[in-house]
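Student:
Number of protein chains: 2
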Amino acid sequence: MSAVHPRPAAQEAGAPGTPTPGTPTPGTPAPGTPTPSTAIPGLMEAFWEYERALMENDLPAMDALFAPGSDTMRGDSSGLLVGHEAISGFRGTRGGAPKRRIVATEVRALGPEHAVVVAVTELLSGGRGQQTQVWVRNGGTWQVAVAHVAVSPPAFDRRVWRVVGDPLVPPAAPGILDGETVAVKDLYAVAGQRVGAGSPAHLAQAVPETTTAAAVAALLGAGASVKGMAATDEFAYSLAGTNTHYGTPPNPKAPFRISGGSSSGSASAVSLGHASIGLGTDTGGSVRVPSAYQGLWGIRTTHGAVSTEGLVPLAPSFDTVGWMARTPEVLEAVGRVLLPAAAPAAAFPGLRLVPGLLDLADGDVAAAIRAALDRWEADGPAGRIEPAGPIDPDRHRAWLKAFQAIQGREAWAAHGEWVGRHGDRLAPDVAGRFRLAAACTAEQEAAARQLAAEARAAVRALVGDGILVVPSAASVAPLARDSAAGGEAIERQRQRTLLLTCLAGLAGLPAVNVPLETAEGLPCGVSLVGAAGSDTALLAWAGRLPGAAP
Amino acid sequence: MSAVHPRPAAQEAGAPGTPTPGTPTPGTPAPGTPTPSTAIPGLMEAFWEYERALMENDLPAMDALFAPGSDTMRGDSSGLLVGHEAISGFRGTRGGAPKRRIVATEVRALGPEHAVVVAVTELLSGGRGQQTQVWVRNGGTWQVAVAHVAVSPPAFDRRVWRVVGDPLVPPAAPGILDGETVAVKDLYAVAGQRVGAGSPAHLAQAVPETTTAAAVAALLGAGASVKGMAATDEFAYSLAGTNTHYGTPPNPKAPFRISGGSSSGSASAVSLGHASIGLGTDTGGSVRVPSAYQGLWGIRTTHGAVSTEGLVPLAPSFDTVGWMARTPEVLEAVGRVLLPAAAPAAAFPGLRLVPGLLDLADGDVAAAIRAALDRWEADGPAGRIEPAGPIDPDRHRAWLKAFQAIQGREAWAAHGEWVGRHGDRLAPDVAGRFRLAAACTAEQEAAARQLAAEARAAVRALVGDGILVVPSAASVAPLARDSAAGGEAIERQRQRTLLLTCLAGLAGLPAVNVPLETAEGLPCGVSLVGAAGSDTALLAWAGRLPGAAP
Numbered sequence: 001m002s003a004v005h006p007r008p009a010a011q012e013a014g015a016p017g018t019p020t021p022g023t024p025t026p027g028t029p030a031p032g033t034p035t036p037s038t039a040i041p042g043l044m045e046a047f048w049e050y051e052r053a054l055m056e057n058d059l060p061a062m063d064a065l066f067a068p069g070s071d072t073m074r075g076d077s078s079g080l081l082v083g084h085e086a087i088s089g090f091r092g093t094r095g096g097a098p099k100r101r102i103v104a105t106e107v108r109a110l111g112p113e114h115a116v117v118v119a120v121t122e123l124l125s126g127g128r129g130q131q132t133q134v135w136v137r138n139g140g141t142w143q144v145a146v147a148h149v150a151v152s153p154p155a156f157d158r159r160v161w162r163v164v165g166d167p168l169v170p171p172a173a174p175g176i177l178d179g180e181t182v183a184v185k186d187l188y189a190v191a192g193q194r195v196g197a198g199s200p201a202h203l204a205q206a207v208p209e210t211t212t213a214a215a216v217a218a219l220l221g222a223g224a225s226v227k228g229m230a231a232t233d234e235f236a237y238s239l240a241g242t243n244t245h246y247g248t249p250p251n252p253k254a255p256f257r258i259s260g261g262s263s264s265g266s267a268s269a270v271s272l273g274h275a276s277i278g279l280g281t282d283t284g285g286s287v288r289v290p291s292a293y294q295g296l297w298g299i300r301t302t303h304g305a306v307s308t309e310g311l312v313p314l315a316p317s318f319d320t321v322g323w324m325a326r327t328p329e330v331l332e333a334v335g336r337v338l339l340p341a342a343a344p345a346a347a348f349p350g351l352r353l354v355p356g357l358l359d360l361a362d363g364d365v366a367a368a369i370r371a372a373l374d375r376w377e378a379d380g381p382a383g384r385i386e387p388a389g390p391i392d393p394d395r396h397r398a399w400l401k402a403f404q405a406i407q408g409r410e411a412w413a414a415h416g417e418w419v420g421r422h423g424d425r426l427a428p429d430v431a432g433r434f435r436l437a438a439a440c441t442a443e444q445e446a447a448a449r450q451l452a453a454e455a456r457a458a459v460r461a462l463v464g465d466g467i468l469v470v471p472s473a474a475s476v477a478p479l480a481r482d483s484a485a486g487g488e489a490i491e492r493q494r495q496r497t498l499l500l501t502c503l504a505g506l507a508g509l510p511a512v513n514v515p516l517e518t519a520e521g522l523p524c525g526v527s528l529v530g531a532a533g534s535d536t537a538l539l540a541w542a543g544r545l546p547g548a549a550p
Numbered sequence: 001m002s003a004v005h006p007r008p009a010a011q012e013a014g015a016p017g018t019p020t021p022g023t024p025t026p027g028t029p030a031p032g033t034p035t036p037s038t039a040i041p042g043l044m045e046a047f048w049e050y051e052r053a054l055m056e057n058d059l060p061a062m063d064a065l066f067a068p069g070s071d072t073m074r075g076d077s078s079g080l081l082v083g084h085e086a087i088s089g090f091r092g093t094r095g096g097a098p099k100r101r102i103v104a105t106e107v108r109a110l111g112p113e114h115a116v117v118v119a120v121t122e123l124l125s126g127g128r129g130q131q132t133q134v135w136v137r138n139g140g141t142w143q144v145a146v147a148h149v150a151v152s153p154p155a156f157d158r159r160v161w162r163v164v165g166d167p168l169v170p171p172a173a174p175g176i177l178d179g180e181t182v183a184v185k186d187l188y189a190v191a192g193q194r195v196g197a198g199s200p201a202h203l204a205q206a207v208p209e210t211t212t213a214a215a216v217a218a219l220l221g222a223g224a225s226v227k228g229m230a231a232t233d234e235f236a237y238s239l240a241g242t243n244t245h246y247g248t249p250p251n252p253k254a255p256f257r258i259s260g261g262s263s264s265g266s267a268s269a270v271s272l273g274h275a276s277i278g279l280g281t282d283t284g285g286s287v288r289v290p291s292a293y294q295g296l297w298g299i300r301t302t303h304g305a306v307s308t309e310g311l312v313p314l315a316p317s318f319d320t321v322g323w324m325a326r327t328p329e330v331l332e333a334v335g336r337v338l339l340p341a342a343a344p345a346a347a348f349p350g351l352r353l354v355p356g357l358l359d360l361a362d363g364d365v366a367a368a369i370r371a372a373l374d375r376w377e378a379d380g381p382a383g384r385i386e387p388a389g390p391i392d393p394d395r396h397r398a399w400l401k402a403f404q405a406i407q408g409r410e411a412w413a414a415h416g417e418w419v420g421r422h423g424d425r426l427a428p429d430v431a432g433r434f435r436l437a438a439a440c441t442a443e444q445e446a447a448a449r450q451l452a453a454e455a456r457a458a459v460r461a462l463v464g465d466g467i468l469v470v471p472s473a474a475s476v477a478p479l480a481r482d483s484a485a486g487g488e489a490i491e492r493q494r495q496r497t498l499l500l501t502c503l504a505g506l507a508g509l510p511a512v513n514v515p516l517e518t519a520e521g522l523p524c525g526v527s528l529v530g531a532a533g534s535d536t537a538l539l540a541w542a543g544r545l546p547g548a549a550p
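Rendered as structure tokens:
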């Protein structure tokens, strides 16, 4: 085994890094370097000019040193960018690269017009990385055609986790979840851990819990271990997964897109393979939306079916325990632990579809769902899908407003006092929601509760003893850039998602997200909404549907 | 911003991955792929054959698909391997690659004889990666000339950490360590955390601590936070850093080499930038050796100067609190918190060198130390370096044996009962040391204590009121491969290191590791051994020496 030993040729003026003893004289080939830089005129000058530009965040220079056109590529742990424009756009928003020094370079000519330079880097903040660049000579000028940048990762990804261990909490007893690892949304009490609720200000005042939430205790008692406390949108009051304090968890199934939330860290932990079970909560879609955005199996349970004891509330009228997994088998196994014992699933009930609900989804998502329904009709236990509804669009919008009013009143009852004292330390979007919540009157709440009762009855009637098919979210995961910029299109998309997710919330019904993929290969999902208490059967049925996403 | 959308052409028979809806017909260029694979005859066939070979760990096929010779490169997060032989050797020992599927490929021709293929991968266990391969056509056959492989990292590196948080424990009060983060060796009690001592069997029986060790509490009281519990050699009874249960922490300053131990996780956490302070212990070199191997500043304190309350003991006659940092400033700041208040440092005392001690170091290490001493004589506060000693080699070896006998007797007193019950769950090397310890008689201990008293007096006389210069370890960090294979050369190297490190241990004296570099650019270190109680001054002086490693 050999490793890279030669020190690089001394870095040029302006480049970072301190020349060290043993550094070869500039221009002298480092010992053992098979292709001395001097053999390729201009190449290393371009390399060091890029390094200078990178360290100084000199965007025009970096743009000029990358080959123009749609073929140019740059990849790192966030994902692969294709095309000069995409790369330039990324650079423009990241605010500079971490400071580093080059500790070794290896250069290889690839014919007369191409070369590859592999550089070993050391971040000034610690750790080592590698940068592989394929250079091309365009009209006498060397430019990067392909770049692959890797740095040593941080201790852990604070966008996903707040605390994580091997395990954080060991199992209390063996059971059917032996070997499974749980990412616990940072709303659940775990003995010895503080609860952060996605808010550094809340965390700072928290003391270690003395008891463990009922749902977590049940998982520990069935053989699972707790891997860690996973990120959440602040007080779970969002569906995006964006957390301005800790960052948005990555979505490995859809790079550069948001994770979905509020059970964002639990979802990403499962997507990333950090945990096998993502324990979350679902008030108005907080399990279903990240499941859909990240291609996971997920369940929101019947309201009241699983104890919420030891859980920071958002809106107790709608709050439910939910969880996510990469396979329907694990999703179902957790159900056997957390859900009330149920009789074996009866025959597969009919699937029902309200066509207007499919119309609330973007075309690519609706097409993926239609294709799945076709597969399920053609080959599977579901049989023919029955039309249901319609739901009057005006009533539907009124139901959502009622849901939001009740959610707001209850969120304010739970957190208003804290928000009153610390509201300036909330993220703007969450603070805005709490402000609206605070403005909602008791009279408005009463009217909302009437509407909610109407909606509950109507949705339960639509479901009957069958399964209502509802898009889990109106779209694929929005690009993080678009989500951050906000604007009307994003807000309309969010409203359409809420129209879809609020139905199970209002009706208190269970919903299982079946992960699907759009034609472009992006994750999306369809929810199977079942009758109250049908959770266990729903989990069994969902796993038997053919052709869900791999 | 654009990302990679096209699905790859269907994977060939035998290749992993499930064809998904939207997969283009085999042979048809995927939409948007600038260089269709069909335009480069044979390239994608070779790519998929490599993927098959990788998934089946078909070593001959992989060897054949990598270009022969010393120019070929393969890099991943472990480091960069140069040369076909080194790459083949690595593959032969890793036991196969993680299972994955290719979710997208991008192909670019680089002239007639070269091409680059960027593949986006999804691990079956979760997460997404990127593989960049530069291919070359050798005699009509495509072979990989350069490969860069990246996968999404695990939740955290269990070789470095057992539990880690953001923070794991917040500061108790503001102070001079505001913003600093501590990697706590998994021997210190931290309220709410279990102590693992590097042993899963020990951890399994541990209960959360109710109080925090004095040294950790002092750091928390001065503004530092605890980042996590860091790896240690099992019961701290080794200097290598290899832990068969959790793996050897990476050494980012010397890839493919061991971390040094037993404060291995604390050292690697600091090297990797995961924490700014690595809290460890030093009985017979457990701070000095990893500091030297990883290019860190480190201190072993005067025996008894810093409370060891709340610490799992190894050998209380020699056990000391120690710590590591990337800069002398941080090392010194920790000293201001943990060490007894001391008068301002007097004038720099003389440096003394026992030439025979330098001869115990490998040539590259001795040369680096000599070069440092030359710099310090030429330009710095140290002035001329005085020869001291000699130490009779036979007495020296007898002192080490005495050190080991006392260490063994005390380690057995501390852990013998546990080892008697659970010894089969210890790593072989640690179990072997405990067996030797158990065999040591009270008579042997008494004789050893006499020799130790002689050594203590002799070393203290050599140090006087000056500073004795001693190599921190006899060698650079051994290659992990060699360390694992063991053998006589490694054992002799280890004995020479112990001869060096036992001196401060026997004498109960403080020692600061000043990081240096060999001519090849590998970390090594020299210890400044000062008079008892001179710790604070030693820290100040060490930081003022010119030309330590960057």
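If you read the sequences in order, they're chains A and B. 264 is the number that full-length UniProt numbering gives to position 264 of the first sequence; each next residue is one higher, with no gaps. 87 is the number that full-length UniProt numbering gives to position 87 of the second sequence; each next residue is one higher, with no gaps. Backbone N, C-alpha and C define an ideal beta-carbon position, used for all residues, glycine too. Bear in mind the structure is a predicted one, so any value in this text is a computation, not a measurement.
From the DSSP output, read off the bridge partner residues of A/Tyr188.
Tutor: In the first sequence, counting from the first residue as 1, residue 188 of chain A sits at position 188. Partner(s): A/Leu311.
Student: Quick one: give me the first and last residue of the alpha helix (DSSP H) that B/Gln205 is part of.
Tutor: What you label residue 205 of chain B is simply residue 205 of the second sequence in a count that begins at 1. From DSSP, the alpha helix (DSSP H) with B/Gln205 extends over Pro200 to Gln205.
Student: For the pair the stretch 527 to 535 of chain A and the stretch 290 to 310 of chain A, tell me if three or more CB-CB distances fall below 8 Å.
Tutor: yes
Student: Counting only Cβ-Cβ distances shorter than 8 Å, please list the residues of the stretch 122 to 140 of chain B near chain A, keeping chain order.
Tutor: Glu122, Leu123, Ser125, Gly126, Gly127, Arg128, Gln130, Thr132, Val134 and Val136
Student: With burial defined as no fewer than 16 other Cβ atoms inside 10 Å of the residue's Cβ, what is the status of B/Asp225: buried or exposed?
Tutor: Your numbering for residue 225 of chain B matches position 225 in the second sequence. It is Ser, not Asp, that sits at residue 225 of chain B in the sequence shown. Label assigned to B/Ser225: buried.
Student: Pull up the distance between the alpha-carbon of A/Ala346 and that of A/Ile467, whole angstroms please.
Tutor: The residue given as residue 346 of chain A occupies position 346 in the first sequence. The residue given as residue 467 of chain A occupies position 467 in the first sequence. Answer to the nearest angstrom: the Cα atoms are 13 Å apart.
Student: Determine contact between the stretch 485 to 496 of chain A and the stretch 509 to 524 of chain A, defined as no fewer than three beta-carbon pairs at a distance below 8 Å.
Tutor: no
Student: In the DSSP assignment, what residue or residues form a beta bridge with A/Arg52?
Tutor: Numbered from its first residue, the first sequence carries residue 52 of chain A at position 52. In the DSSP output, where bridge partners are listed per residue, A/Arg52 has none listed.
Student: Out of B/Val476, B/Val146 and B/Glu180, which one is the CA nearest neighbour of B/Gly69?
Tutor: Along the second sequence, one-based indexing puts residue 69 of chain B at 69. It is B/Val146.
Student: Out of curiosity, what's the CA-to-CA distance linking A/Ser2 and B/Asp482?
Tutor: Translated into positions along the first sequence, residue 2 of chain A becomes position 2. Translated into positions along the second sequence, residue 482 of chain B becomes position 482. Unreliable placement is indicated for A/Ser2, whose pLDDT of 45 sits below 50; the coordinate value is still reported in the next sentence. Those two C-alpha atoms are separated by around 13 Å.
Student: Is the beta carbon of A/Arg158 sitting closer than 8 Å to the one on B/Asp166?
Tutor: Locating residue 158 of chain A in the first sequence gives position 158, counting from the first residue. Locating residue 166 of chain B in the second sequence gives position 166, counting from the first residue. Yes; because the gap between Cβ atoms is below 8 Å, this pair is in contact.
Student: Name, going along the chain, the residues of the stretch 271 to 282 of chain A whose beta-carbon falls closer than 8 Å to a beta-carbon of chain B.
Tutor: Ser271, Leu272, Gly273, His274 and Ala275
Student: Assuming B/Ser152 and B/Gly175 form a contact by the criterion Cβ under 8 Å, report the distance between their Cβ atoms to the nearest whole angstrom.
Tutor: Within the second sequence, the letter at position 152 stands for residue 152 of chain B. Within the second sequence, the letter at position 175 stands for residue 175 of chain B. By a beta-carbon distance limit of 8 Å, B/Ser152 does not contact B/Gly175. Their separation comes to about 37 Å.
Student: Taking its Cβ as the centre, do 16 or more other Cβ atoms sit within 10 Å of B/Lys99, making it buried, or is it exposed?
Tutor: As a position in the second sequence, residue 99 of chain B is number 99, starting the count at 1. Burial call: exposed.
Student: Using a Cβ-Cβ distance under 8 Å, would B/Trp142 count as near chain A?
Tutor: Translated into positions along the second sequence, residue 142 of chain B becomes position 142. No, B/Trp142 does not count as interfacial toward chain A.
Student: Could you say which of B/Arg395, B/Ala269, B/Ser286 and B/His114 lies nearest to B/Gly278 if we only look at CA atoms?
Tutor: Along the second sequence, read from residue 1 onward, the residue named residue 278 of chain B stands at position 278. Ranked by how close their Cα comes to the Cα of B/Gly278, the residues B/Arg395, B/Ala269, B/Ser286 and B/His114 have B/Ala269 in first place.
Student: Interface residues of chain B around A/Val182 at Cβ under 9 Å?
Tutor: Looking up residue 182 of chain A in the first sequence gives position 182. Those do not exist, as A/Val182 stays about 12 Å from chain B at its closest Cβ, beyond 9 Å.
Student: Starting from B/Thr320, follow the beta strand (DSSP E) in both directions and report where the run begins and ends.
Tutor: Against the second sequence, residue 320 of chain B aligns to sequence position 320. Element bounds for B/Thr320: Thr320 to Ala325.
Student: Is the shortest distance between the beta-carbon of B/His148 and the beta-carbons of chain A less than 8 Å?
Tutor: Numbered from 1 along the second sequence, position 148 holds the residue referred to as residue 148 of chain B. Taking a beta-carbon distance threshold of 8 Å, B/His148 counts as an interface residue toward chain A.
Student: Using a Cβ distance threshold of 8 Å, determine whether the stretch 436 to 451 of chain A contacts the stretch 257 to 274 of chain A, with at least three qualifying pairs required.
Tutor: no
Student: In its own chain, which residues sit with a C-beta less than 6 Å from the C-beta of A/Gly508, not counting the 5 before and 5 after it?
Tutor: Sequence index remark: in the first sequence, residue 508 of chain A carries index 508 (1-based). These residues qualify, in order along the chain: His303.
Student: Spell out whether any CB of chain A is found under 8 Å from the CB atom of B/Trp161.
Tutor: Mapped onto the second sequence, residue 161 of chain B falls at position 161. Yes, contact with chain A.
Student: Bridge partners of residue 555 of chain A, per DSSP?
Tutor: Residue 555 of chain A cannot be examined here, being either before or after the span of chain A that is shown, 1 to 550.
Student: Consult DSSP for A/Thr23 and reduce its assignment to one of helix, strand or coil.
Tutor: Numbered from its first residue, the first sequence carries residue 23 of chain A at position 23. Note that A/Thr23 has pLDDT 35, beneath the 50 cutoff, so the model's placement of it is unreliable and the number below is only indicative. Three-state DSSP puts A/Thr23 in coil, outside helix and strand.
Student: Under the assumption that A/Gln261 contacts A/Gly241 (Cβ atoms under 8 Å), give the Cβ distance between them as a whole number of angstroms.
Tutor: Position 261 of the first sequence holds residue 261 of chain A. Position 241 of the first sequence holds residue 241 of chain A. Going by the sequence as given, residue 261 of chain A is Gly instead of Gln. So it is a contact: roughly 3 Å between Cβ atoms.
Student: So, at 8 Å on beta carbons, what are the nonlocal neighbours of B/Leu462 in its own chain, with the 5 sequence-adjacent residues on each side left out?
Tutor: Counting from 1 along the second sequence, the entry for residue 462 of chain B is found at position 462. Counting only Cβ-Cβ distances below 8 Å, and skipping sequence neighbours, we find Arg352, Val354, Ala388, Gly389, Ile391 and Leu468.
Student: What does the alpha-carbon distance come out to for the pair B/Gln205 and B/Asn243?
Tutor: Against the second sequence, residue 205 of chain B aligns to sequence position 205. Against the second sequence, residue 243 of chain B aligns to sequence position 243. Approximately 19 Å between the Cα atoms of the pair.
Student: So with Cβ pairs under 8 Å, would you call A/Leu168 a contact of chain B?
Tutor: Within the first sequence, numbered from 1, the residue matching residue 168 of chain A stands at position 168. Closer than 8 Å to some Cβ of chain B, the Cβ of A/Leu168 qualifies, so yes.
Student: Looking only at its own chain, which residues have a Cβ that is under 7 Å from the Cβ of A/Ala405, when we skip the five neighbours before and after it?
Tutor: The residue labelled residue 405 of chain A in the question sits at position 405 within the first sequence. Cβ within range, chain order: Cys440, Gln444, Glu445 and Ala448.
Student: Tell me the rounded alpha-carbon separation between B/Thr320 and B/Val306.
Tutor: As a working mapping, residue 320 of chain B is identified with position 320 in the second sequence. As a working mapping, residue 306 of chain B is identified with position 306 in the second sequence. Near 7 Å, if we compare the C-alpha coordinates of B/Val306 and B/Thr320.
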